[in-house]
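Worksheet: one structure, shown below.
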Amino acid sequence: MATYEIRTFGDPVLRQRALDIEDVDGALVRLAEDMIETMYEAPGVGLAAPQVGVQRRMFVYDVGDGPGVVLNARIAESDGEWTYDEGCLSIPGLSWEVVRPRTVRLVGVDLDGKEIDLDADELLARCFQHEIDHLDGVLVVERLDEEQRRDAMRILRRRALDAELGAAPGRDAWRTSASPSGHEL
Ligand code: NI
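Our numbering numbers the first residue of the sequence shown as 36 and each following residue consecutively.
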């Protein structure tokens with residue numbers, strides 16, 4: 036197995052809508068395995084194909100109950116509200132309190148072509164919503180309120196500038212006051 040470099044904020048691949056998967060072949064299965072490895076190494080609890088530069092509607096996840104792979108996922112139903120300190124592997128070291136539905140029903144297919152129909156709540160439901168956003172080219176910064184977003188953009192602009200100037204502060208130097216207890220998705 037191999038690991039991929041995870042694409043980060045500013046990479047245009049993160050802003051494009053990924054395409055439906057029509058056929059599952061050996062290359063796709065290997066990609067899924069390598070994405071799981073990449074997610075564990077990061078570490079994170081979810082990873083979508085665009086985050087490794089592949090414009091296909093597939094994501095992997097593991098919120099503690101073992102790894103899963105979902106193709107062509109969509110949210111069929113959602114309910115409630117849940118606030119969670121949400122981070123993203125493509126925006127490392129930052130996280131924000133984001134409100135989204137507490138429970139979702141996810142439908143899609145697995146690598147064997149079998150239909151998936153899953154009820155999820157809290158962290159798993161958050162993970163599914165976050166990864167499907169990635170497939171649609173949407174990043175968590177677009178789910179922030181105005182003040183959070185201003186703060187986020189200030190930090191991200193400074194990161195881009197630091198990178199341009201060749202400065203390499205550790206990722207903790209960029210951490211906001213947000214609690215580091217959240218997972219990166
Ligand atoms: Ni993410």
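The beta carbon of each residue, even a glycine, is placed where N, CA and C say it ideally should be.
What residues are listed by DSSP as bridge partners for Leu106? For this step, residue 106 is matched to residue 71 along the sequence shown. DSSP output for Leu106 lists Met93, Val144 as bridge partner(s).
What is the DSSP secondary structure of Thr138, counted as helix, strand or coil? Start at 1 with the first residue of the sequence shown, and residue 138 comes out as number 103. In this structure, Thr138 counts as strand in the three-state DSSP scheme.
Report the start-end ranges of each alpha helix (DSSP H) in the stretch 151–203 that is 4 residues or longer and not cut off at the edges. 157–170, 181–200
Are Val104 and Met93 close, meaning C-beta to C-beta below 8 Å? Walking along the sequence shown from the start, residue 104 turns up at place 69. Walking along the sequence shown from the start, residue 93 turns up at place 58. It is a contact, given that the beta carbons lie within the stated cut-off.
Would you kindly report the start and end of the unbroken beta strand (DSSP E) that includes Leu49? In the sequence shown, residue 49 corresponds to position 14, counting from 1. Taken as a continuous stretch (DSSP letters only), Leu49 belongs to no beta strand (DSSP E), as it is neither H nor E.
What distance in whole Å lies between the Cβ atoms of Leu179 and Trp117, which are believed to be in contact at a cut-off of 8 Å? Mapped onto the sequence shown, residue 117 falls at position 82. Mapped onto the sequence shown, residue 179 falls at position 144. Contact flag wrong, Cβ pair sits at about 16 Å.
Relative to the alpha-carbon of Asn107, which residue among Tyr119, Lys149, Gly88, Thr73 has its alpha-carbon at the smallest distance? Locating residue 107 in the sequence shown gives position 72, counting from the first residue. The candidate whose alpha carbon is nearest that of Asn107 is Lys149.
Supposed contact pair Leu170 and Ala53 - C-beta distance, whole angstroms, cut 8 Å: Position 18 of the sequence shown holds residue 53. Position 135 of the sequence shown holds residue 170. Between Ala53 and Leu170 a beta carbon distance of about 5 Å is seen, short of the 8 Å cut, so the two are scored as contacting.
When the Cβ atoms of the stretch 138–153 are set against those of the stretch 188–202, are three or more pairs found closer than 8 Å? Too few Cβ pairs lie closer than 8 Å, so no.
Three-state class that DSSP yields for Thr73 in the structure shown: Residue mapping note: residue 73 aligns to position 38 of the sequence shown, counting from 1. Of the three classes helix, strand and coil, the one that applies to Thr73 here is helix, per DSSP.
Measure the alpha-carbon distance for Ile126 versus Arg137 and round it to whole angstroms. Residue numbering aside, residue 126 sits at position 91 when the sequence shown is read from its first letter. Residue numbering aside, residue 137 sits at position 102 when the sequence shown is read from its first letter. So the alpha carbons of these two residues sit roughly 23 Å apart.
Output needed for Thr38: all residues of its chain with C-beta closer than 7 Å, excluding positions within five of it in sequence on either side, in chain order. Sequence index remark: in the sequence shown, residue 38 carries index 3 (1-based). Cβ neighbours of Thr38 beyond the five flanking positions: Asp69, Glu72, Thr73, Glu76.
Contact test: His169 Cβ vs the ligand NI heavy atom, cutoff 7 Å: For the purposes of this step, residue 169 is identified with residue 134 of the sequence shown, where counting begins at 1. His169 has its Cβ nearer than 7 Å to a heavy atom of the ligand NI.
According to DSSP, is Ala53 helix, strand or coil? Residue 53 sits at position 18 when you count from the first residue of the sequence shown. Coil at Ala53, not helix or strand.
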